[in-house]
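Below is one structure, written out as structure tokens; comments come after it.
Residue numbers (my numbering), protein chains in the order written: chain A, 1 to 214; chain B, 1001 to 1088.
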């Protein structure tokens, strides 16, 4: 029972953490090397990792998506998709996909003469599922070390922690004040009932014994 | 446009529930305070008239209008986000 409880709690928290990690913004300092556009098949469950444009009909199973190819300071690559979030989840309210594509193309630089930019993005890169993080804003930075502080995520996480702590404290107080005494009462009356039964039994036995010849 | 209308309708419905709940709660808190003041000061006379007068003052107060922040803060945050993400 204890094991099931812990497994359940850990699963819930891991899922919640994954959800936050996918949804909250993160910054990468990268050098943009190219942009391209590719038709994507969006006919299976992985379409949940792609945006839902407002004009897209429910039957549409493929469409063109813009991508931004980048290289990180450590030499490893990163590919972002560039899609509107519109008024849907996650609430980035990004409508300037075409503008961002222009900025990305404007920031293309070579290895010999690098121009570093900070890409704010959300989402994951997964090669097996062909999932890409969505680039939200691109800003020039001084160099590969000049990573902007992620204030938005810090504030959201602190507020969430405060909210959960407030709920937890109130729940614990409620349990101590209302539920624990009730359980104790139930326990007490169970013991009392047990004692009463034992006493009854004792009396019955004594009565039976009284018929026995001595 | 459909996405916008859906978001606004859901948001307004949720915020209206929150606004109603906070309004009722705040008015009850004020009523409890008035009752307490009546008891502590040992006032005599028409108790319900005293409480009604206090609540009427509360209805006209600036404090009650602050509950409108329930609407202003989320809608303002969305407007700010739209500006920051797309036009800055």
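Note that CB positions come from ideal geometry on N, CA and C, so glycine has one too.
Source: prediction; values computed, not measured.
Cβ-Cβ separation, residue j to residue i (assumed contact under 8 Å), whole Å
| i | j | result |
| --- | --- | --- |
| residue 141(A) | residue 65(A) | Not really, about 26 Å apart at Cβ, beyond 8 Å. |
| residue 67(A) | residue 80(A) | 7 Å |
| residue 1022(B) | residue 1073(B) | With 8 Å as the limit, residue 1022(B) and residue 1073(B) do not qualify as a contact, their Cβ atoms being about 12 Å apart. |
| residue 135(A) | residue 82(A) | 5 Å |
| residue 119(A) | residue 49(A) | Between residue 49(A) and residue 119(A) the Cβ distance is about 18 Å, and since that is not below 8 Å, they are no contact. |
| residue 1034(B) | residue 1054(B) | 4 Å |
| residue 126(A) | residue 26(A) | Contact doesn't hold; Cβ gap of about 15 Å is too wide. |
| residue 87(A) | residue 1004(B) | 5 Å |
| residue 84(A) | residue 97(A) | 5 Å |
| residue 74(A) | residue 61(A) | The pair is not a contact, with the Cβ atoms about 37 Å apart (cut-off 8 Å). |
| residue 108(A) | residue 33(A) | 7 Å |
| residue 129(A) | residue 46(A) | 5 Å |
Min CB distance residue i to chain B below 8 Å
| i | result |
| --- | --- |
| residue 92(A) | yes |
| residue 96(A) | yes |
Neighbour list for residue i in chain A, Cβ cutoff strictly below 7 Å
| i | result |
| --- | --- |
| residue 1082(B) | 93 |
| residue 1085(B) | 92, 93, 94, 136, 137 |
| residue 1003(B) | 54, 86, 87, 88 |
Selected residue, minimal CA-CA separation from residue i, among the options
| i | options | result |
| --- | --- | --- |
| residue 104(A) | 155(A), 5(A), 35(A) | 35(A) |
| residue 63(A) | 115(A), 70(A), 52(A), 186(A) | 52(A) |
| residue 157(A) | 20(A), 9(A), 11(A), 8(A) | 20(A) |
| residue 1088(B) | 180(A), 43(A), 102(A), 137(A) | 137(A) |
| residue 31(A) | 69(A), 42(A), 198(A) | 69(A) |
| residue 72(A) | 202(A), 145(A), 208(A) | 145(A) |
| residue 1070(B) | 1083(B), 1011(B), 1032(B) | 1011(B) |
| residue 143(A) | 170(A), 113(A), 160(A), 153(A) | 113(A) |
| residue 1086(B) | 4(A), 139(A), 175(A) | 139(A) |
| residue 152(A) | 7(A), 8(A), 24(A), 9(A) | 24(A) |
| residue 164(A) | 11(A), 133(A), 16(A) | 16(A) |
| residue 122(A) | 110(A), 93(A), 111(A) | 93(A) |
| residue 1038(B) | 1051(B), 1028(B), 1026(B) | 1051(B) |
| residue 1032(B) | 1048(B), 1061(B), 1083(B) | 1048(B) |
| residue 1061(B) | 1042(B), 1027(B), 1045(B), 1077(B) | 1027(B) |
| residue 147(A) | 178(A), 213(A), 117(A) | 117(A) |
| residue 13(A) | 90(A), 39(A), 161(A), 102(A) | 161(A) |
Under 9 Å by beta carbon: chain A residues contacting residue i
| i | result |
| --- | --- |
| residue 1050(B) | Residues of chain A passing the Cβ test: none, with the nearest at roughly 33 Å. |
Chain A contact for residue i (CB, 8 Å cutoff)
| i | result |
| --- | --- |
| residue 1007(B) | yes |
| residue 1014(B) | no |
| residue 1020(B) | no |
Practice task
With 7 Å as the C-beta to C-beta threshold (strictly closer), list the residues of the segment 116-140 of chain A near chain B in chain order.
Solution key: 136, 137
Practice task
Report the residues of the segment 73-88 of chain A with a CB closer than 8 Å to any CB of chain B, ordered along the chain.
Solution key: The segment 73-88 of chain A vs chain B, Cβ under 8 Å: 86, 87, 88.
Exercise for the section: Give, in chain order, every residue of the segment 1051-1082 of chain B whose Cβ lies closer than 8 Å to some Cβ of chain A. Expected result: Within the segment 1051-1082 of chain B, the residues whose Cβ lies closer than 8 Å to some Cβ of chain A are 1078, 1081, 1082, listed in chain order.
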